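Engineer:
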Amino acid sequence: MTEVTNSGTSSQVLDQYKQKDDDKPKDNELGRNEFLKLLVTQMNNQNPLKPQENSEFVAQLAQFSSVEGLENLNTTVDSMSDGLRSSQALQASSLVGQSVIVPNQEYGFLQNGDVVAGVAEVPATTMNLNLQIKNKAGQTLETIDLGFHEKGPASLRWDGANLELDGEIVDLDRSKLNRQEYFKDEDGNLVLDDNGKPIPMPYPPGEYKFELSASIDGKTEGLDTAMSGRVDSVSIGANNAVTLNLAGGIKAAISEVKQILE
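One gets the working numbering by counting positions in the sequence shown from 1 and adding 64 to each.
(1) Our contact map puts GLY182 next to LEU220 with C-beta atoms below 8 Å; I'd like the distance itself, whole angstroms only.
(2) In terms of residue numbering, what span does the beta strand (DSSP E) encompassing PHE274 cover?
(3) Give me, in chain order, the residues of the same chain whose beta-carbon lies closer than 8 Å to that of GLU170; leave out the 5 immediate sequence neighbours on both sides.
(4) How many Å lie between ILE318 and ILE165 at the Cα?
(5) Since GLU206 is in the beta strand (DSSP E), which residue starts that stretch and which ends it?
(6) Going by Cα to Cα distance, which pick from GLN323, VAL298, LYS261, SER277 is closest to THR189?
(7) Does LYS248 come out as helix, strand or coil in the three-state DSSP assignment?
(8) Please state if the CB of SER297 and the CB of VAL160 are separated by a distance shorter than 8 Å.
(9) For the region 218-234 and the region 183-202, state whether three or more C-beta atom pairs, one from each stretch, are separated by less than 8 Å.
(10) Got a sec? Which residues, its chain only, sit under 6 Å from ALA316 by beta carbon, not counting five neighbours each side?
(11) Pick from ASN226, LYS198, LYS101, GLU271: whose alpha carbon is nearest that of THR207?
(12) CB-CB under 6 Å to LEU193, same chain, minus the five flanking residues each way: which ones, in chain order?
(13) Rounded to the nearest angstrom, what separates ASN226 and ASP281 at their Cα positions?
(14) Ignore the nearest five residues each way along the sequence and tell me which others in PHE247's own chain have a CB closer than 8 Å to its CB.
(15) Return yes when the Cβ of ARG294 is within less than 8 Å of the Cβ of SER163, no when it is not.
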């Protein structure tokens with residue numbers, strides 16, 4: 065009778081897949097070497113008259129390869145995630161000194177030659193979008209009727225004198241504005257722009273807020289307005305989470321940034 069043995073073939077399989085990780089600490093999980101040793105033992109001790117089907121053998125190997133592939137994939141994904149977080153940290157550091165619009169930023173700081181900005185979501189098309197500009201004391205400085213606005217974000221930029229809505233200059237009726245101060249030359253004459261109109265002096269540097277409201281279905285609704293804030297520093301916390309530290313003590317995740325002012 066011919067003796068049936070798989071010891072030679074089994075050893076070759078084991079040697080082919082064996083890794084140099086014998087010195088690694090063992091845990092309760094079944095590693096690759098342990099799996100293959102069990103598989104070889106099973107093959108060596110199988111009934112010669114009823115050998116294991118090739119399909120079952122291949123299926124067991126394929127199952128282990130699939131698990132190992134998932135482990136390698138998880139390692140790759142973790143590596144990519146670390147790289148992405150490092151990239152986010154680098155991008156966030158470039159924002160230091162710039163102004164961004166984030167939720168919960170109630171006031172924006174106006175500096176000489178700069179602008180303060182805000183964004184609000186208009187829930188439905190309105191024929192009457194209204195803006196109030198207030199100072200830190202809560203005093204209403206200007207009330208401006210912006211008129212028609214479609215449903216969607218309303219983006220405002222203000223340099224203390226001139227106003228932009230969604231990137232377009234608002235034609236302000238300055239006779240209705242509270243601030244009636246204009247630039248003058250050395251002789252005390254008004255300085256005029258290209259259209260022959262006097263150039264207004266901006267409000268002084270300080271903290272200002274926008275309060276927007278809209279008339280919708282016959283009712284006036286106040287709109288949540290996020291203001292711009294200057295990024296003073298960037299913090300990197302647990303799991304490389306990036307936090308922007310804004311002027312005034314406001315903290316925001318980089319994912320919360322609605323707009324970066326240029």
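Virtual Cβ for every residue (Gly too), placed ideally from N, Cα, C. Bear in mind the structure is a predicted one, so any value in this text is a computation, not a measurement.
Structural biologist: Looking at the coordinates:
(1) 5 Å
(2) Counting along the chain, the beta strand (DSSP E) containing PHE274 begins and ends at 270-280.
(3) The residues are LYS273, MET291.
(4) 11 Å
(5) 204-213
(6) SER277
(7) When DSSP states are grouped into helix, strand and coil, LYS248 belongs to the strand group.
(8) yes
(9) Under the Cβ criterion (8 Å, minimum of three pairs), the region 218-234 counts as touching the region 183-202.
(10) VAL166, LEU308
(11) The option with the nearest alpha carbon to THR207 is LYS198.
(12) Excluding sequence neighbours, LEU193 sits near LEU210, HIS213, ALA278.
(13) 30 Å
(14) LEU254, VAL255, PRO262, ILE263, PRO264, MET265
(15) yes
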